[in-house]
Amino acid sequence: MAITTVDHWEYSRWVTVIGRSLRMNPSVNPSAELTAAATFIDAMQLKRPWLNDAIDNNSIAEQSATLLDNPQVVGKNIEVFGRNIMKIQIQDNAELAIIDALIAATGNRQYGAQSGTIASDVVK
Amino acid sequence: MERQARLMSRQKKLLDKWSKTTEGKNYLSRGWTTYDDLPEQLIADLERVKDQETLWSDTERYLGDLATWSSRFGSDRTGGIGRPLNDLTQDEQVKEIKAQLNTMSNDVKRAERHASKMERMNGKDYWQSIFEVSQNMVRVSHESRALESDLDDLIREVRYRNPEKYGSDRNMVATDLTRMAKEVVAMDIGHHHKEGGKWYVDTAFITHIGQKYPGGNVEHMGFGEFSLVTPEGKMEFDRMRGREFEGQVGRSHQIYDNVNGKIVKKAINILERSGKSIEASVKTAKKWDFADYYYAFNQNVWESSGDPKSLAIKFVERFGAEDPELVARVLRQQLGMAELKVKAVKGAQRALGRI
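Top to bottom, those sequences are chains A and B.
In this text, residue positions in the first sequence follow my numbering: the first is 1, and each later residue adds one.
In this text, residue positions in the second sequence follow my numbering: the first is 125, and each later residue adds one.
1) For Ala43 of chain A, which residues of its own chain have a beta-carbon under 7 Å away from its beta-carbon, when the five flanking residues on both sides are left out?
2) If you follow the beta strand (DSSP E) that Tyr380 of chain B is in, where does it begin and where does it stop?
3) Over the uninterrupted beta strand (DSSP E) stretch that includes Ser401 of chain B, give me the two end residues.
4) Between which two residues does the beta strand (DSSP E) harbouring Leu352 of chain B extend?
5) Going by C-alpha distance, which of B:Gly148, B:Val451, B:Lys136 and B:His316 is nearest Lys390 of chain B?
6) Anything in chain A within Cβ reach of Trp142 of chain B, meaning under 9 Å, just list it in chain order.
7) Taking 8 Å as the threshold (C-beta atoms), are Glu177 of chain B and Tyr159 of chain B in contact?
8) So with CB distances below 7 Å, who are the chain B contacts of Arg83 of chain A?
9) Who pairs with Val342 of chain B in a beta bridge, going by DSSP?
10) Along the beta strand (DSSP E) that carries Val6 of chain A, what are the first and last residues, could you check?
11) Given this structure, state the Cα-to-Cα distance separating Tyr111 of chain A from His8 of chain A, to the nearest angstrom.
12) For Gly247 of chain B, which residues from the same chain have a beta carbon less than 6 Å from its beta carbon, with the 5 sequence-adjacent residues on both sides left out?
13) Per DSSP, Lys318 of chain B forms a beta bridge with which residues?
14) Kindly say whether Glu177 of chain B, judged by its beta-carbon, lies nearer than 8 Å to any beta-carbon of chain A.
15) Tell me, which residues are paired with Phe361 of chain B by DSSP?
16) Using a beta-carbon distance cut-off of less than 8 Å, what residues from the stretch 75-101 of chain A approach chain B?
17) Given a cut-off of 8 Å on the beta-carbon distance, is the pair Ala105 of chain A and Ala32 of chain A in contact?
18) Closer than 9 Å, Cβ to any Cβ of chain B: which residues of the stretch 6-30 of chain A, in chain order?
19) Which bits of chain B does Ser57 of chain A rub up against, with CB to CB less than 8 Å?
20) When you compare each of B:Gly148, B:Trp180 and B:Ala415 to Arg13 of chain A by their alpha carbons, which one comes out closest?
21) Against chain C, does Ala54 of chain A count as a neighbour if the rule is that its beta carbon must be under 8 Å from one of theirs?
22) Which stretch, first to last residue, makes up the alpha helix (DSSP H) that contains Pro208 of chain A?
23) Quick one: measure Cβ to Cβ for Gly82 of chain A and Thr16 of chain A, integer angstroms, because I've assumed they're closer than 8 Å.
24) If we ignore side chains and look at the alpha-carbon of each, how far apart do Asp431 of chain B and Val451 of chain B end up?
25) Taking the CB atoms as reference points, tell me whether Leu131 of chain B and Tyr186 of chain B lie closer together than 8 Å.
26) In terms of residues, what are the limits of the alpha helix (DSSP H) holding Ile99 of chain A?
27) In terms of residues, what are the limits of the alpha helix (DSSP H) holding Leu187 of chain B?
28) Going by CA-CA distance only, name the one from B:Ser143, B:Ser428, B:Thr354 and B:Gln457 that's closest to Ile333 of chain B.
29) Might you give, ordered along the chain, the residues of its own chain that have their beta carbon closer than 7 Å to the beta carbon of Leu459 of chain B, omitting 5 neighbours on each side?
30) Buried or exposed, going by whether 16 or more other CB atoms sit within 10 Å of the CB of Val383 of chain B?
31) Kindly list the residues whose CB is nearer than 7 Å to the CB of Ser398 of chain B, restricted to its own chain and excluding five residues on each side of it in sequence; keep chain order.
32) What are the boundary residues of the alpha helix (DSSP H) that Trp142 of chain B is part of?
33) Closest to Tyr380 of chain B by CA distance: which of B:Leu352, B:Lys174 and B:Gly340 is it?
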């Protein structure tokens with residue numbers, strides 16, 4: 001059963017914006033955010049395996065050796081999941097927890113901020 | 125078609141161009157296209173023009189607008205029949221031809237059945253068999269038409285009498301139809317009417333005469349045709365020859381019997397005395413129209429036993445003076461039908477290799 005207690009459109013919007021934010025405004029402190037992002041992508045690929053093709057396409061297109069350290073690739077892949085959440089609701093509590101963890105790790109990026117809440121990460 | 129996507133014109137051009145390629149047609153033929161399913165090169169091109177935040181949703185909406193009915197069925201997968209099929213189904217002429225073909229194919233099927241029957245008869249009674257075909261066709265059309273109009277009459281009547289209960293619900297009427305119809309008909313007083321030496325009665329008259337005539341019983345012969353069976357003889361209620369008169373309840377029927385009008389007189393007397401039927405005083409005989417002559421022709425020629433040619437001549441002698449133009453039209457129409465049937469039978473025989 002899909003989780004209906006939360007607004008999946010809102011969650012979709014947050015995840016998509018986080019992905020875009022990571023892509024457009026790369027973190028100056030990448031280790032924290034990108035680790036959370038990589039965890040998110042790995043976990044979500046297990047929950048939504050039908051998106052594997054799109055994820056692989058994005059990753060290969062960048063031709064990068066360290067894919068997960070590349071904010072462009074990470075951002076694009078998170079956007080893919082975000083768009084898919086709008087079409088297919090959050091499926092269970094495990095998926096909700098994965099998304100919540102990403103949102104917590106990226107601070108204000110869910111609202112389109114240029115960076116997370118980490119003080120040293122703010123770009124002037 | 126209004127396209128609301130807020131794409132750059134260069135992005136629109138990219139999508140337009142792509143949607144006309146084989147790959148694009150295949151994508152659109154699925155009926156849905158998500159941004160993430162698009163080819164990576166196209167996504168890269170779109171993002172290179174401008175990587176706006178709503179690019180993905182605008183692209184999906186734009187492609188949804190492009191995916192018309194014909195494009196969805198226009199791919200190689202469906203044999204590219206989409207647009208021609210769409211055009212064809214919109215064509216009025218094609219609709220007519222389709223209707224005609226349906227009729228013709230039914231004719232040919234019936235003719236085929238009779239042709240195989242004729243084969244067993246060693247080709248004897250060729251013309252008789254053709255008239256059998258036509259008689260069957262006429263009977264079937266009568267049957268369906270009579271049933272339809274009977275049912276419609278009844279439903280309309282019931283609804284008219286109970287407007288509050290049966291406001292617009294036809295199904296509800298149908299469930300109570302049998303009971304209601306009996307009640308409604310039993311409530312009415314019948315009417316009889318004399319015109320041109322012939323008596324015409326309405327439906328209510330038939331209901332009452334069955335109960336009032338001593339030793340009489342109304343029998344349903346099928347297709348809305350009734351007859352009154354009495355110890356003296358038999359009286360027929362001919363629905364096809366009924367002429368409308370003012371005040372009638374239900375249909376009008378011409379009545380006649382096989383004992384020189386004895387039963388007719390007695391029946392009318394009985395119902396008049398018991399107050400179950402009154403004579404309709406105002407004489408407003410309806411002028412016959414094409415359909416009336418059509419039915420009369422079918423009844424007098426196709427459905428009668430005997431030589432159709434002499435029967436047709438009798439028909440013209442009887443009705444020709446009333447309205448020569450309409451009678452001639454009926455004759456022409458019937459002649460066309462007969463020719464069609466002959467053609468159908470011959471065509472079927474030729475197809476079967478039996479001539």
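The beta-carbon is built from N, C-alpha and C at its ideal position, and this holds for glycine as well.
So, from the data block:
1) Numbered from its first residue, the first sequence carries residue 43 of chain A at position 43. Excluding residues up to 5 positions away in sequence, Ile98 lie with their Cβ nearer than 7 Å to the Cβ of Ala43 of chain A in the same chain.
2) On the second sequence, position 256 is the one that residue 380 of chain B refers to. Judged by DSSP secondary structure, Tyr380 of chain B falls within the beta strand (DSSP E) whose first and last residues are Ser376 to Asp381.
3) Residue 401 of chain B sits at position 277 when you count from the first residue of the second sequence. From DSSP, the beta strand (DSSP E) with Ser401 of chain B extends over Ser401 to Glu403.
4) Mapped onto the second sequence, residue 352 of chain B falls at position 228. For Leu352 of chain B, the enclosing beta strand (DSSP E) has its first and last residue at Glu349 to Val353.
5) Indexing the second sequence from 1 puts residue 390 of chain B at position 266. Lys390 of chain B has its Cα closest to that of B:His316, out of B:Gly148, B:Val451, B:Lys136 and B:His316.
6) Working through the second sequence from its first residue, we reach residue 142 of chain B at position 18. Per Cβ cutoff of 9 Å: no residues; Trp142 of chain B is ~16 Å from chain A at best.
7) For the purposes of this step, residue 159 of chain B is taken as residue 35 along the second sequence, with counting starting at 1. For the purposes of this step, residue 177 of chain B is taken as residue 53 along the second sequence, with counting starting at 1. For Tyr159 of chain B and Glu177 of chain B, no; Cβs fall outside 8 Å.
8) Along the first sequence, read from residue 1 onward, the residue named residue 83 of chain A stands at position 83. Here the neighbours are Tyr159, Asp160 and Trp180.
9) If you number the second sequence from 1, residue 342 of chain B lands on position 218. In the DSSP assignment, Val342 of chain B is bridged to B:Leu352.
10) Here residue 6 of chain A refers to the residue found at position 6 when the first sequence is read from its first residue. Run containing Val6 of chain A: none; DSSP gives neither H nor E here.
11) The sequence position of residue 111 of chain A within the first sequence is 111, counting from 1. The sequence position of residue 8 of chain A within the first sequence is 8, counting from 1. Cα-Cα distance, rounded: 16 Å.
12) Residue numbering aside, residue 247 of chain B sits at position 123 when the second sequence is read from its first letter. With a pLDDT of only 48 at Gly247 of chain B, under 50, the local geometry of the prediction cannot be trusted, and the value read off the model is given with reservation. There are no such residues.
13) Counting from one through the second sequence, the residue named residue 318 of chain B turns up at place 194. Lys318 of chain B is bridged by DSSP to B:Trp323.
14) Residue numbering aside, residue 177 of chain B sits at position 53 when the second sequence is read from its first letter. At least one chain A Cβ lies under 8 Å of Glu177 of chain B.
15) In the second sequence, residue 361 of chain B corresponds to position 237, counting from 1. BP columns for Phe361 of chain B point to B:Phe350 and B:Ile379.
16) Of all residues in the stretch 75-101 of chain A, Glu79, Val80, Arg83, Asn84 and Lys87 have a Cβ within less than 8 Å of some Cβ in chain B.
17) Taking the first residue of the first sequence as position 1, residue 105 of chain A is located at position 105. Taking the first residue of the first sequence as position 1, residue 32 of chain A is located at position 32. Cβ distance < 8 Å, so Ala105 of chain A and Ala32 of chain A count as in contact.
18) Residues Thr16, Val17, Arg20, Arg23 and Met24.
19) Taking the first sequence and counting its residues from 1, one reaches residue 57 of chain A at position 57. Per the sequence shown, residue 57 of chain A should be read as Asn rather than Ser. Going along chain B in sequence order, the residues near Asn57 of chain A (Cβ under 8 Å) are Glu164.
20) Residue mapping note: residue 13 of chain A aligns to position 13 of the first sequence, counting from 1. Among B:Gly148, B:Trp180 and B:Ala415, the Cα nearest to that of Arg13 of chain A is on B:Trp180.
21) In the structure shown, chain C does not exist; the protein chains are A and B.
22) No answer is possible for residue 208 of chain A: it lies beyond the span of chain A, which begins at 1 and ends at 124.
23) Translated into the one-based positions of the first sequence, residue 82 of chain A becomes position 82. Translated into the one-based positions of the first sequence, residue 16 of chain A becomes position 16. Beta-carbon to beta-carbon, Gly82 of chain A and Thr16 of chain A are separated by about 3 Å, close enough to satisfy the 8 Å threshold.
24) If you number the second sequence from 1, residue 431 of chain B lands on position 307. If you number the second sequence from 1, residue 451 of chain B lands on position 327. Cα-Cα distance, rounded: 19 Å.
25) Residue mapping note: residue 131 of chain B aligns to position 7 of the second sequence, counting from 1. Residue mapping note: residue 186 of chain B aligns to position 62 of the second sequence, counting from 1. Contact flag set, yes.
26) Stepping through the first sequence from its first residue, residue 99 of chain A is reached at position 99. Looking at the DSSP string, the run of the alpha helix (DSSP H) that includes Ile99 of chain A is Asn93 to Ala105.
27) For the purposes of this step, residue 187 of chain B is taken as residue 63 along the second sequence, with counting starting at 1. From DSSP, the alpha helix (DSSP H) with Leu187 of chain B extends over Leu179 to Leu190.
28) The count along the second sequence starts at 1 and reaches residue 333 of chain B at position 209. Ranking B:Ser143, B:Ser428, B:Thr354 and B:Gln457 by Cα distance to Ile333 of chain B puts B:Thr354 first.
29) The residue given as residue 459 of chain B occupies position 335 in the second sequence. Here the set comprises nothing.
30) Against the second sequence, residue 383 of chain B aligns to sequence position 259. Val383 of chain B is exposed by the Cβ-count criterion.
31) Residue mapping note: residue 398 of chain B aligns to position 274 of the second sequence, counting from 1. Contacts found: Lys336.
32) Along the second sequence, one-based indexing puts residue 142 of chain B at 18. Taken as a continuous stretch (DSSP letters only), the alpha helix (DSSP H) holding Trp142 of chain B covers Ser133 to Ser143.
33) In the second sequence, the residue the question calls residue 380 of chain B occupies position 256. Nearest option by C-alpha distance: B:Leu352.
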